[in-house]
Each structure stands twice: as structure tokens, then as C-alpha cells.
Amino acid sequence: MPLLVIAVVAYNRGFTAPGVLWIEHRASIATSGPGFTKLQNVYPPLPVLLSLILPRNGLSLAICACLFSGLTASILLRQIGLPRAVVLGLPLVLVPEMWFTASEMLPQVVALTFLAIALQGFIQFAAYGETYGGFIAGLALAISYAADPGALLYAGVMCLFVPLVGAARYRGEPQAPFGICAVLVFPCIAMAGIWSFLIWKFTGHWPGSLAYGPNADILGFPQGVLGGLRHALTTAFQDLARSVLYIVAAVLLCLRRRTLTVGLGMLLPVLALALALWLGFDYSSFTAYFLLAMLAITVIAEFQLMDNQSLAVVIIIAALAQVVVATKWLPPVSGYTTWEHLAFHWPVG
Amino acid sequence: MHTYRLGIATIGNKHCVQTITQESIGERMAEILLARGMITQEQRDWAMEVRERAGTTLTVILITAGIVHRLDLYPLLAEMSGVPFIDLTVTPPDPAAVYGLASEQLVREGWIPVRELPDGSMLVASQHTPRPAFVESIQRAVGGPVTINITTDWDIRRALSSVLREEILDQASLGLWQRSAIQSARTSLYLRQRIAIIVSLVAIAACGWFWPYGTLQAASVTVATLFLIGVVFKFVVCMAGARRERFQAVTDEEVAQLKDEGLPVYTVLAPMFHEANVVADLVTNLTRLDYPVSKLEVMLLLEEDDLETIEAAKAARMPAWMHIIRVPQGHPQTKPKACNVGLFFASGEHLVIYDAEDKPDPDQLKKAVVAFRRGGEQMVCVQAALNYWNVYENFLTRMFTAEYSFWFDYMLPGLDALQLPIPLGGTSNHFRTEGLRRLGGWDPFNVTEDADLGMRASALGYTVGVINSTTLEEANRNFGNWIRQRSRWVKGYMQTSLVHARAPWSLIRVAGFRQAAGFALLIAGTPISFLFVAPLYALFIASLLFDSRIFNLMYPSWALWIGLFNLLLGNALMIYVSMMGAFLRKRYGLVLWALLNPVYWLMHSIASYKALWQLMTRPHYWEKTTHGISTLSASEAAALPAGVASPATTITSNGAGQNAGDVPRPRLPG
Chain A
1333 MPLLVIAVVA YNRGFTAPGV LWIEHRASIA TSGPGFTKLQ NVYPPLPVLL
1383 SLILPRNGLS LAICACLFSG LTASILLRQI GLPRAVVLGL PLVLVPEMWF
1433 TASEMLPQVV ALTFLAIALQ GFIQFAAYGE TYGGFIAGLA LAISYAADPG
1483 ALLYAGVMCL FVPLVGAARY RGEPQAPFGI CAVLVFPCIA MAGIWSFLIW
1533 KFTGHWPGSL AYGPNADILG FPQGVLGGLR HALTTAFQDL ARSVLYIVAA
1583 VLLCLRRRTL TVGLGMLLPV LALALALWLG FDYSSFTAYF LLAMLAITVI
1633 AEFQLMDNQS LAVVIIIAAL AQVVVATKWL PPVSGYTTWE HLAFHWPVG
Chain B
432 MHTYRLGIAT IGNKHCVQTI TQESIGERMA EILLARGMIT QEQRDWAMEV
482 RERAGTTLTV ILITAGIVHR LDLYPLLAEM SGVPFIDLTV TPPDPAAVYG
532 LASEQLVREG WIPVRELPDG SMLVASQHTP RPAFVESIQR AVGGPVTINI
582 TTDWDIRRAL SSVLREEILD QASLGLWQRS AIQSARTSLY LRQRIAIIVS
632 LVAIAACGWF WPYGTLQAAS VTVATLFLIG VVFKFVVCMA GARRERFQAV
682 TDEEVAQLKD EGLPVYTVLA PMFHEANVVA DLVTNLTRLD YPVSKLEVML
732 LLEEDDLETI EAAKAARMPA WMHIIRVPQG HPQTKPKACN VGLFFASGEH
782 LVIYDAEDKP DPDQLKKAVV AFRRGGEQMV CVQAALNYWN VYENFLTRMF
832 TAEYSFWFDY MLPGLDALQL PIPLGGTSNH FRTEGLRRLG GWDPFNVTED
882 ADLGMRASAL GYTVGVINST TLEEANRNFG NWIRQRSRWV KGYMQTSLVH
932 ARAPWSLIRV AGFRQAAGFA LLIAGTPISF LFVAPLYALF IASLLFDSRI
982 FNLMYPSWAL WIGLFNLLLG NALMIYVSMM GAFLRKRYGL VLWALLNPVY
1032 WLMHSIASYK ALWQLMTRPH YWEKTTHGIS TLSASEAAAL PAGVASPATT
1082 ITSNGAGQNA GDVPRPRLPG
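Those sequence lines, one after another, are chains A and B. For the first sequence, the numbering used here begins at 1333 and goes up steadily by one. For the second sequence, the numbering used here begins at 432 and goes up steadily by one.
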């Protein structure tokens, strides 16, 4: 509800996020030609479809983003319970940049919502062997792909986590991790294949527009291949540095498990973020922050790191520290400064 | 404690010499057997202990355990009862003496009139001691005084088979049709159904002639919409099944709590035809059932002209609790007809069907008993899961396994969870015997009699459940054999659809709209979708070869979207559930094979066209599936890497590992 109020206020004061404008522009293209001839320009299909269904006035998509954010919050709440959510949710709830992400960055929010669902299913599937969780994880990743191709990377990261999460469950079944990975990534790859096929079939062009978002330029390498890699790694580790809760969770896990493997495993999402940025996906420090916070919450809940009182205190301190760090040092994304000004400063005169 | 009068049963009311209890009969019999050296002291003690525990008679225990032959025991029983023993192979019953009697009573009570004696009484052979109430019942049935002789249960069954041959054949073949012709597939298409089909085809042809473009659009959209509904339905059911993954229909604790004395008599029917090569395997597999043998009645249903299988069964050294029932020859020569013959003789409270190559989980019967007790009287059947032991033999066995894993581990539990009608699988369906009789038994003219029975049960307001137990079968490894089997299944679904569509309003009224819709989507939808697979694939290939702009011109965008959804997402979803099915069964090596499902579905399409042709030309022809063609021995199958434990269970799995000690399956040329 507070997000909705902020979104409406910002809209009433004349703000429309660049991402939302971009989606609405794509929806206009989608309806400008016969049949499927414009398919190559309408990725990501899920936000574009929402834009086609809803009034194209800037506010509708912002409201959609708020609703998806609410869904994500409820998923996390169900996963970890209210008391823990109050603590672990601080880095998301108390940081204005996250309010912007949650209310204005529709494709990213949609993708992250389904990623949250996928994460929950993934744990059920990989750790407890429940195939219903596998269904949920695979399908959620596929839907996530329809909002953000970064879902392919998320799926890859989950596969890398399989040996970590499912080690106990599938001991003595060497083929099991392979099976888990196959059923996790298949829907996402199928979705990518289907979309590629449609573009190729109905437009004659493949793979379609790779600049699917304002900041996306897949395989563009504007800073060169090596230069881009250096920049991507630097940015991703800076984003990691701002995710105090994630770092603390990784360290605590290492200490509890008495092995470095777990900590190294926790680096995988950071490397995936670097890869996403290097390849030219629609990467922003806000979504990286959101993603790492969500992963941290999942890890803390799954490995019951807050069950120990002293560890719980450490985690609470980490959560508060992250709020401070993020508020001070999280670099703004396009449109954020204007939004902040319009949403939180009363117009003068 | 029952009290019986023993000693003599002769004419009129001149019986009742001494009064003893059933327990004392057993004790006396045991003492006599011991005194005559026919059993040892240990065997006596064991039998008495089993009798205490299982609550059956000493006669049954000693015979089923193979300690005393029935030809030794029944004469003793006769001696103890003070009546003569009669050997019905030497003195066969006179058919005229049986004429007019209720055959069900003869089977149920285990007696048969032999001939009229000179003194005017009827000589009756009985497998039971002549208790007064029993004798009075026989007298009432015969309509006069009787002289009782004792004979063996085997003699009674054999004599009844012989004397009642025509009646058994008639009941097995035409029983359902005579009772309710509308429920029988004896007539495939009623006149009104023929008229409706012809009128529809003419109307479509006329529309195609006058409005070719519009008709094509309407037909395409209709087909696409049906596919869409079918895909969504299957996916929703599958997800409902997946949600119940952790749910155990029957737990091991519940099975452990069962006491032998409380268990009902269970009849196991095993219909076989030209399957001499797997008889010995079946005997071995059935002996592994965890159920007191004194309460098991296993009948191998063998066609009387199938001498090879009969000889193989005789040579298989079956335990005494297994019997051969010769199925009278006659049209139609189908598995359901054989099963109806078995049902005629069945004395168990529950009954189950196993195919010749089946390897049921040992505790399956007990799980079914728990499920029946919990499900109440309305639950007429429970279905166990089926899967395969020769998974990794070739493409077909792999695809078959993935398909069955999806069907039995997701779809059937999903249908159960959503309370939709469950089409029974061909084997491992357990029944309440009386409920099955009330339903009219199997339709011998329907080539998927099992699916039909499940639907009939639902249509009549009964329920069908599923249990978390698995029967392993042999997957079909041969293309021609597979097409024959699958075309029969698809033809059976077509027959079942036509039968239950004869009175659609009645179906909706009795079963409800939800059940009727479930039936339509599952039973009618399956053959229809298979029939459309080949043309749609052809259309897809054409679309790859020709300019796609033609589709933009021919179809409205929304119709194209539905078509594309079916083609791409629909196929992907069905592949995905197949992958998950393989995963659930821990067949990790099969997960990627599921990607080849489109090829497998094309094979289904070929089979469905054969089925359609046969429905028109030979509707009741039973395409026999050849079993025992696997090149793997059971022990080789056991050595394969993937486990086959039932999903979400802690059952004593009858998985590959359990069969490590099997007699090797005979190797036949591949």
C-alpha cells in the first residue's frame, strides 16, 4: 500500500519511469503491424503484454510493479515468518532506492518476483526432493525469462547451487544433480527457444532486438571485451560490498559448516551478476542489491542461521549496517533522482 | 465360537450325530494326521499357530502350505464327518442334475449335485462338512432330500467349470450386455450415433464447399481450442498430483498394524494367453506377495485352447493356493472375458488383476485392504501404480517408462485429488468383489475394459482410489508390438467414449458435470488429440517450408496465438511433465529422453489411425501384446543403475533390487 501511494504521488507530479516508457513504446510497436511481424521488437513479452492489456498511461504499469512487489513480500513472509521478516526485510524496506525499484521498474520486479518463487521451489526440490517444488522453480524461471532474459543466468546459478543444497539428499545418486539441473533449466531454455523461433519464423530475423531494455545491449561490449569484463567484475563486487547481509550470511555459513566451499559457492551469484553486466543484460545496481538481499534472506532462513541468539544479533546488526551503506552509497539509476525529488519534496511555489 | 453338528448327513432330517466345535475338528484332524504320520509334530504346531493367527481352517492351511495334499486331506475330512468321499473325476456330475440351480450359489457354497440316487435323494458333492444349516440350504435349492458326500475344492471347481461351461461362457461374454446393453461395447455405434456422425461430416463438408476459408478457420480454431483445453487440463491435473507427492495413501505403519486374522480372503486373477514363457516368472512373483497364503486364492485364467500355456502352468510347480481356470473358448476371446470367468469363481472379498509379466510390490494387497477400509463402501476399486523394470533397453522402453511415470505418479493421483474419474490401468486394479459384480464385471467387447470399468464406476456414483504401491511390468521394446498394443488402447478409449456418450445427460445427472467433463477430456480427448497430432505436425512442417505471411493472412491473430501456444508451450509443458515423471521415479537417465516425446506422440498418432480403422472394421478384435520379449534377464535389470522405488513412499519396494534372485528370463531373439 505505501508503495502504491508513492507511485501515485510520483505520477501525479508528472513522473513516469524510463523503464515504463520503454515498455509502453514496445507495446505501441507490437500493435503497429499485422500478425507477428513486429515480434522482434517486443521483448520482454510479459510486461509488454501487461501494457497491451492495461491503459497505457504510465501509472498502470507502476501499479502492476507495486502489486508484484507485494507478491514478492508475501512470498518472503511466508518463507521466513513475520519476526524474521521484520529484521531481514530491513535492507529492502528502509532503503528508498528499493521503493523506486519496487514501484517503477516493472520488468525487473516481475523477474525478481518469479525468481523469489523459483528460489522457494528450488529449495523444496533440491534440498527435500519434492518435484512440486521443481515444477514451481522451473516454471517460475521460465516466466521470469518472459520479463527479463537474466532468468537464464539465475537458472544457471541455481544449477551451480545444486551440489551445495542437495548434497545430503542425493548422496549416492551421482546422476541426481544432473537431473535436477535439467528440470530446472528446461522451461527457461524452452521459453528462450520458443521466443527465438517465433522471431525467426515471423520476422525472418534472429535473434531480434537485443536492446530489450533501456540499459540492455547484449553482446554490445561498448567498453571492449576485456575492458567490459574488468568493469563488470568491479561493479559486481562493489554491489557485493554494499550487500552486508549477504556477506555476513556467507561467512556465518562457512563458520557453521567449517568449510570454505560454501563461501565460495556464495560467490557464484556475484559472478553471475558480473557475467550479466559483461554480456550486456539490463543490469542495475538496484536490481543487483535486491537480488543479493533476497538470496541472503533465503540462505539465512534455509540454514537456520538465526536460531542461535548470538548469530541472530550479528545478523540484525548486518541488516542495519546494510541499510546505512545502501542509503549512502547505492549509485542511482536512470530516473531515480527525479523520482525521489518529485515523490518526497513538496513542490515549492 | 461356532457350533456344528457333525457325523452324518444323509436323507431328509436324519442327520446330527454328534456336536463338536470347528476348533475341535481341527484339533482332531491334526491328531489323526500326526498319528498317521502325514504331518510332523512341528508341522502340526505351526499349523495350529497359523490357524490361531490367521483365523482360517486347518484344512486350508495345510493344503495351501503344501504340507498335505488335498486328495489325502478331504477323504480324512469325509471320514471324520462320517460321510463318503467322492472323486468327481471318476464320477462326474450329471448336467441334468445341475439344471435350474443358481450357479452363483453352487460356487459360493462349494457344492454340486451329482446325480439322483435310486432312493430318490440327490447325491451332492460338497467341499465342506455337512452342517445342518448348510444341508438345509442345499435341500431348499435342490427341492428335496440330499445325500452329502465330501470332495475336494479342486473337484468342485473343475466340475462346475465343466457342467456350467455354457452358462459361464454366456455370462462372461454377454452378461453385461444382457443386463444393460447401453453399457456394453458389443454394438460400437448406436443408430442415433451413426446418424449424428454422418450428419456432422456432411455438414462440415457442405460448409467446406460453400465457405472454404471460413470453414478452415473455424475447424483450425476448434482443433486448437480443444488442444489448448486438453493441455491445460492435463497440466492442472498433473500439478494437483505433484502437490500430493508427499502424501502417502497408505503408510507402512498402517500396513504393519494389520493382523492376519482380520485380513479378508483375496482373489488374484492372472489372465494369460500364449504366454507360456512367463508363467514361471508370474508364479515366482506372486509367491512374493506378503499376504497369508491361506487367505489367497490365485487363479491363472488360461484359454482352454492355449495348451502350451496350460502345460507350462502345470510344469511351473505352482503352490497349492494357485489354480488353473480354463476359460471356455468362444467369441470374443478377450482378457475381460477371461476375467469375467475368474470373477464367476472368485470367493475373495477383494480381487485384483495381474498380468503375466507383473511384479507387484509385496505389500500391495495389504495396502489395498487399508485403502478399502478407509474408503468406505462406495470405494469399489483402488489402482496401484505401474512402472517398468526393463527401462533402459531401447528408445521405446525409455519413452514408455517416462510416460507411465507421468501417468501413474502424477495424473492418477491428481485425478484422485480432484475427485475426477480415474481410468483404470490394465493391471493391478483391486476391487471389492461384490461391488465389481454389482457393476456387471468387465465388458468383454471393450478392448480397454479397465478404463471402461473405471468410468462405469464413476458414472454409477462409485469411487476409485489410488494407492502408493507399484507393480513392475515389462515395457514393450518392439515397434510393431508397441503399435499393436497402443492401437488397442486407443481403440478401447474410442469404444469407451462411444459407450458413455450414448446417454450423456444421464451421465451428467448421475456422476455430475465435473466428472462428465473429466471423462470427456481424458477418455474422449486422448484419441482425438492423437488423431490430430500427425496432421498438425504436417502443418507445422509446411509452415517451416512456406512463407509464414500466408498464416497472417489466413488467420486472425488470436487464433494464431492459440495455435502457437499449443504448438510450442503445449508441447514444452507436456515434455516437462514427462521429464518430472522420470525424475520422480529417480530415473535420472531418462530426464533428457523426454525431449523426444514429439517423436513418441507421432507414433501414438500412427497407432490411433490404426485404432480408428479397426474400430470400423474389427471393433472387438483384441490385438495381443507379446510379453517376455525383453532381452534383459530380471537379474540384469536389477543391476541397472537407477532405483525404482515408488515415489514418496517408504514401501518395501518391489524394485529391481528385489528381484536379484529371480530365475533368469528366457532370452528370445531381439
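Ideal Cβ placement from N, Cα and C applies to all residues, glycine included. Quick caveat, the model's predicted, so the values are computed rather than measured.
- Residue 866 of chain B and residue 837 of chain B have their C-alpha atoms roughly 29 Å apart.
- Residue-level contact by beta carbon fails for residue 1384 of chain A and chain B, as no gap is shorter than 8 Å.
- Restricting attention to B/504, B/849, B/725, B/874, the CA atom closest to the CA of residue 486 of chain B is found in B/725.
- No Cβ-Cβ contact shorter than 8 Å links residue 1430 of chain A with residue 1349 of chain A.
- Distance between residue 698 of chain B and residue 654 of chain B, taken at the CA atoms: about 45 Å.
- Listed in chain order, the non-local C-beta contacts of residue 1597 of chain A below 7 Å within the same chain comprise 1493, 1496, local neighbours out to five positions each way being set aside.
- For residue 1014 of chain B, the enclosing alpha helix (DSSP H) has its first and last residue at 1002 to 1015.
- Closest option to residue 1605 of chain A, judged by alpha-carbon separation, among A/1564, A/1589, A/1575: A/1564.
- Closer than 8 Å to the CB of residue 1524 of chain A there is not a single CB belonging to chain B.
- The beta-carbon of residue 1519 of chain A is placed less than 8 Å from the nearest beta-carbon of chain B.
- Take the alpha-carbon of residue 471 of chain B and the one of residue 479 of chain B: they are about 12 Å apart.
- Assigned with DSSP and collapsed to three states, residue 855 of chain B falls in coil, not helix or strand.
- Boundaries for residue 1665 of chain A: no alpha helix (DSSP H) harbours it, and the DSSP string shows neither H nor E there.
- Less than 8 Å divides the Cβ of residue 1515 of chain A from the Cβ of residue 1014 of chain B.
- C-alpha of residue 1537 of chain A to C-alpha of residue 1544 of chain A: approximately 15 Å in a straight line.
- Residue contact check for residue 1672 of chain A against chain B: no CB pair falls below 8 Å.
- Residue 1389 of chain A: not part of any alpha helix (DSSP H); DSSP gives it neither H nor E.
- For residue 894 of chain B, the enclosing beta strand (DSSP E) stretches over residues 894 to 904.
- Under the three-pair Cβ rule at 8 Å, the stretch 1470 to 1480 of chain A counts as touching the stretch 1442 to 1459 of chain A.
- Note: residue 1515 of chain A is not bridge-paired with any residue in the DSSP secondary-structure output.
- Residue-level contact by beta carbon fails for residue 910 of chain B and chain A, as no gap is shorter than 8 Å.
- Interface criterion met: the Cβ of residue 1470 of chain A is under 8 Å from a Cβ in chain B.
- Within chain A, the C-beta atoms nearer than 7 Å to that of residue 673 of chain B come from 1463, 1464, 1467, in chain order.
- Per DSSP, residue 966 of chain B lies in no beta strand (DSSP E) segment; the continuous alpha helix (DSSP H) that holds it begins and ends at 956 to 976.
- Among the CB atoms of chain A, one or more fall inside 8 Å of the CB of residue 1014 of chain B.
- The three-state reading of DSSP puts residue 553 of chain B in strand, counting E and B together.
- At least 8 Å separates the CB of residue 967 of chain B from every CB of chain A.
- In the three-state DSSP reduction, residue 817 of chain B falls in the strand class (E or B).
- Contact note: residue 1454 of chain A does not reach chain B at a C-beta cutoff of 8 Å; the least C-beta distance is about 14 Å.
- For residue 891 of chain B, none of the residues of chain A pass the 8 Å Cβ criterion, the least Cβ distance being about 33 Å.
- From the listed residues B/785, B/572, B/872, the smallest Cα separation to residue 860 of chain B is found for B/785.
- In the three-state reduction of the DSSP assignment, residue 532 of chain B falls in the coil class.
- Counting the other Cβ atoms within 10 Å of the Cβ of residue 1589 of chain A gives fewer than 16, which makes it exposed.
- In the DSSP annotation of this structure, the continuous segment of the alpha helix (DSSP H) that includes residue 659 of chain B starts and ends at 643 to 674.
- About 7 Å separates the beta carbons of residue 781 of chain B and residue 862 of chain B, which is inside the 8 Å limit, making them a contact pair.
- At least one CB atom of chain B sits nearer than 8 Å to the CB of residue 1511 of chain A.
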